[in-house]
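Okay, so the sequence shown: first residue is 0 according to numbering that gives the first Met the number 0, each after it adds one.
Cβ atoms here follow ideal geometry from the backbone N, Cα and C, with glycine treated the same way.
The next block holds one structure in the form of structure tokens; read it before the comments.
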Amino acid sequence: MADMMGPEGKSTAKVDSGRTALITGITGQDGSYLADLLLAKGYTVHGLVRRASSIERSRLKHLYSDAAVYDRTLFLHYADLEDTTTIRRIVSRLGVDEFYHLAGQSHVGLSFEIPESTCELTAMCTLRILEILRDLEHPPRFLHASSREIFGTPADSPQDENTPVHPESPYGCAKAFATQMTQIYRETHGMFCCNTISYNHESPRRGENFVTRKISMAAARISLGLQKDLRLGDIHASRDWGHARDFVQAMWLALQHDQPGDYVLASGESHSVSEFLHLAFAHVGLSYEDYLIQEMRYQRPHDVDHLLGDSSKAREELGWRPQMSFEELVREMVEADLQIARAEKGSS
Ligand code: G4F
0 MADMMGPEGK
10 STAKVDSGRT
20 ALITGITGQD
30 GSYLADLLLA
40 KGYTVHGLVR
50 RASSIERSRL
60 KHLYSDAAVY
70 DRTLFLHYAD
80 LEDTTTIRRI
90 VSRLGVDEFY
100 HLAGQSHVGL
110 SFEIPESTCE
120 LTAMCTLRIL
130 EILRDLEHPP
140 RFLHASSREI
150 FGTPADSPQD
160 ENTPVHPESP
170 YGCAKAFATQ
180 MTQIYRETHG
190 MFCCNTISYN
200 HESPRRGENF
210 VTRKISMAAA
220 RISLGLQKDL
230 RLGDIHASRD
240 WGHARDFVQA
250 MWLALQHDQP
260 GDYVLASGES
270 HSVSEFLHLA
280 FAHVGLSYED
290 YLIQEMRYQR
300 PHDVDHLLGD
310 SSKAREELGW
320 RPQMSFEELV
330 REMVEADLQI
340 ARAEKGSS
């Protein structure tokens, strides 16, 4: 795959005259849906990608295999999040209108294992980006993709923008820092900075180590005889699960609003992991109880039990309307994994 940097590290991209956006984390679930959305709206989209020995960009494949899009309205730039000099150079040269900061280590369980790098990537890198933007003559509008993990286990349910910040995981703590820094740059430097405080959001593009995708893949693969069992941790916790495509729509809406602000994004319904299991396995005519093995290694040192968000502010101020129900989400994920599993079976 071609990239934007020439042999001397000089960029070969041409900056479009229309609206432009830069996305960190463009190869992730949310980044790829956001790229789809912005390209459909006529934006020129720039994405920062990590330089790695193996290239994992499957979520963008439909875009960069499209000659009308790749290197025309979609450009990828190599820049690790810690590489402040490169990010500064790219941002100064491009002069984008909107900056969506989605990258970071986002696995809550993993953050207990690797707290330092989680804080470095999720907290400090956000601060460094804000500093880069502050130095620009015309800073772009800035969106930080925050997380409801900043609330920990709140006394009140549902949670909204006024819920006290009290994280209970290294990831939540790093996100709390980044969220508050975003507010500080808005309030003290007058920059157009927004936080979207998202509850769980899933899709067929979800990473394979998050619980919903583990389940949808297992249901599909077990039903086709490609897998024997499913190993999980605690299945009693409940989450407020929405669809990632709906959530990136709200991120875009936040940056189109006349005032910057913070917005909780949530479906407003909470379902347990066991409900997700039940629906996913029922979709392929199976009972999850026959295949589930619970293992200590997937239990967390601390897990938040019950999550429910109140996204009234986003709905009222931004006119946000999530489109997909919990049942539709489970169905879409299992159907997508059935297609993948059938292809694997066919080729073996
Ligand atoms: O899918 P999960 O890993 O999502 P979690 O921890 O709720 O975090 C996600 O949502 C947050 C917002 O609410 C984001 F900030 C964060 O970045 C991420 O997107 O786990 C969901 C539930 C947990 O209770 C977990 O303990 O499923 C439980 N679970 C049980 N077995 C498992 C497993 N989770 C994972 N990942 N893997 C298991 O085997």
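Judging by CA-CA distance, which residue of Asp-304, Met-123, His-100 is the nearest neighbour of Glu-148? Sequence index remark: in the sequence shown, residue 148 carries index 149 (1-based). The candidate whose alpha carbon is nearest that of Glu-148 is Asp-304.
Inter-residue Cα distance where the pair is Gln-258 and Asp-228: As a position in the sequence shown, residue 258 is number 259, starting the count at 1. As a position in the sequence shown, residue 228 is number 229, starting the count at 1. Approximately 50 Å between the Cα atoms of the pair.
Can you tell me whether DSSP reads Leu-328 as helix, strand or coil? Along the sequence shown, one-based indexing puts residue 328 at 329. In this structure, Leu-328 counts as helix in the three-state DSSP scheme.
Per DSSP, which residues does Leu-348 bridge with? Please list them. The structure shown has nothing for residue 348, since the chain only spans 0 to 347.
Name the DSSP bridge partner or partners of Phe-141? The sequence position of residue 141 within the sequence shown is 142, counting from 1. Bridge partners of Phe-141: Phe-98, Cys-192.
Identify the continuous alpha helix (DSSP H) that holds Leu-33 and give its terminal residues. By one-based count along the sequence shown, residue 33 stands at place 34. Taken as a continuous stretch (DSSP letters only), the alpha helix (DSSP H) holding Leu-33 covers 28–39.
Nearest to Gly-27 by CA position, among Ser-269, Lys-60, Val-329, is which residue? Numbered from its first residue, the sequence shown carries residue 27 at position 28. Taking only the C-alpha atoms, the option nearest Gly-27 is Lys-60.
Quick one, are the C-beta atoms of Thr-162 and Pro-153 less than 7 Å apart? Residue mapping note: residue 162 aligns to position 163 of the sequence shown, counting from 1. Residue mapping note: residue 153 aligns to position 154 of the sequence shown, counting from 1. Against a cut-off of 7 Å, the Cβ pair of Pro-153 and Thr-162 comes out as a contact.
Say yes only if the C-beta of Asn-348 is nearer than 6 Å to one or more non-hydrogen atoms of the ligand G4F, and no if none qualify. Only positions 0 to 347 of the chain appear in this structure, which leaves residue 348 out of reach.
Say whether chain B places a C-beta atom closer than 7 Å to the C-beta of Gln-226. Although the question refers to chain B, the structure presented lacks it and comprises just one protein chain.
Where do the ends of the beta strand (DSSP E) carrying Ala-279 lie? In the sequence shown, the residue the question calls residue 279 occupies position 280. Looking at the DSSP string, Ala-279 is not in any beta strand (DSSP E); the run it does join, the alpha helix (DSSP H), is 272–282.
Grab the span of the beta strand (DSSP E) containing Val-263 for me, first residue to last. By 1-based counting over the sequence shown, the position of residue 263 is 264. Start and end: 261–264.
Excluding five sequence neighbours on each side, which residues of the same chain lie with their C-beta closer than 8 Å to the C-beta of Thr-125? Numbered from 1 along the sequence shown, position 126 holds the residue referred to as residue 125. Closer than 8 Å at Cβ, skipping near neighbours: His-100, Gly-103, His-143, Phe-176, Ala-177, Met-180, Thr-181.
Mapping DSSP to helix, strand and coil, what is Ser-202? Taking the sequence shown and counting its residues from 1, the one referred to as residue 202 is at position 203. Looking at Ser-202 - three-state DSSP - the assignment turns out to be coil, as it is neither helix nor strand.
By the three-class DSSP mapping on this structure, what secondary structure does Met-3 have? By 1-based counting over the sequence shown, the position of residue 3 is 4. Because the pLDDT at Met-3 is just 43, under 50, the model does not fix this residue reliably, and the point stays unresolved.
What is the rounded straight-line gap between the Cα of Ala-340 and the Cα of Ala-218? As a working note, residue 340 is residue 341 in the sequence shown. As a working note, residue 218 is residue 219 in the sequence shown. So the alpha carbons of these two residues sit roughly 10 Å apart.
Note the first and the last residue of the continuous beta strand (DSSP E) segment covering Leu-231. Taking the sequence shown and counting its residues from 1, one reaches residue 231 at position 232. Note, Leu-231: beta strand (DSSP E), 229–231.
Give me the residue from Gly-108, Val-95, Ala-122 with the minimum Cα distance to Glu-136. Taking the first residue of the sequence shown as position 1, residue 136 is located at position 137. Per the Cα distances, Val-95.
Rounded to a whole number of angstroms, what is the C-alpha to C-alpha distance between Met-332 and Glu-316? In the sequence shown, residue 332 corresponds to position 333, counting from 1. In the sequence shown, residue 316 corresponds to position 317, counting from 1. So the two alpha carbons sit approximately 30 Å from each other.
So, are the CB atoms of Ala-122 and Ala-173 less than 7 Å apart? For the purposes of this step, residue 122 is taken as the residue at position 123 of the sequence shown. For the purposes of this step, residue 173 is taken as the residue at position 174 of the sequence shown. Closer than 7 Å, so yes.
Is it right to say Met-0 is buried, meaning 16 or more other beta carbons lie within 10 angstroms of its own, or is it exposed? To locate residue 0, count along the sequence shown from 1; it is residue 1. With a pLDDT of 35 at Met-0, under the threshold of 50, the predicted position of this residue should be treated as unreliable, though the coordinate-derived value follows. Flag for Met-0 reads exposed.
Residues near Ile-292 by beta carbon distance below 6 Å, same chain, minus five either side: Looking up residue 292 in the sequence shown gives position 293. Counting only Cβ-Cβ distances below 6 Å, and skipping sequence neighbours, we find Asp-228, Arg-230.
Relative to the C-alpha of Ala-335, which candidate in Ala-20, Ile-234, Arg-212 has its C-alpha closest? Counting from 1 along the sequence shown, the entry for residue 335 is found at position 336. Residue Arg-212 is the option with its Cα nearest to Ala-335.
Can you tell me the Cβ-Cβ gap for Arg-140 and Leu-276, rounded? I've got them flagged as a contact below 8 Å. Taking the sequence shown and counting its residues from 1, the one referred to as residue 140 is at position 141. Taking the sequence shown and counting its residues from 1, the one referred to as residue 276 is at position 277. Contact flag wrong, Cβ pair sits at about 40 Å.
Which first and last residues belong to the beta strand (DSSP E) in which Gln-293 is found? Within the sequence shown, numbered from 1, the residue matching residue 293 stands at position 294. First-last of the beta strand (DSSP E) with Gln-293: 291–293.
Same chain, Cβ closer than 7 Å to Arg-205, five either side skipped, listed in chain order: Counting from one through the sequence shown, the residue named residue 205 turns up at place 206. Correct list, in chain order: Gln-28, Thr-211, Arg-212.
By how many angstroms is the C-alpha of Gly-232 removed from the C-alpha of Arg-220? By one-based count along the sequence shown, residue 220 stands at place 221. By one-based count along the sequence shown, residue 232 stands at place 233. Their backbone Cα atoms lie some 19 Å apart in a straight line.
Relative to the C-alpha of Leu-225, which candidate in Asn-199, Tyr-290, Ser-237, Tyr-198 has its C-alpha closest? Reading the sequence shown from its first residue, position 226 is the one you call residue 225. The option with the nearest alpha carbon to Leu-225 is Tyr-290.
Please state whether DSSP places Gln-158 in a helix, a strand or coil. Counting from 1 along the sequence shown, the entry for residue 158 is found at position 159. Of the three classes helix, strand and coil, the one that applies to Gln-158 here is strand, per DSSP.
Kindly indicate which residue of Asp-134, Asn-199, Val-247 has the alpha-carbon position closest to the one of Asp-35. In the sequence shown, counting from the first residue as 1, residue 35 sits at position 36. Closest option to Asp-35, Cα to Cα, is Val-247.
Could you check how far apart the C-beta atoms of Asp-239 and Glu-160 are, in whole angstroms? I think they sit under 8 Å. Against the sequence shown, residue 239 aligns to sequence position 240. Against the sequence shown, residue 160 aligns to sequence position 161. So it is not a contact: roughly 15 Å between Cβ atoms.
Can you tell me which residues form a DSSP beta bridge with Thr-125? Against the sequence shown, residue 125 aligns to sequence position 126. Per DSSP, none; premise fails for Thr-125.
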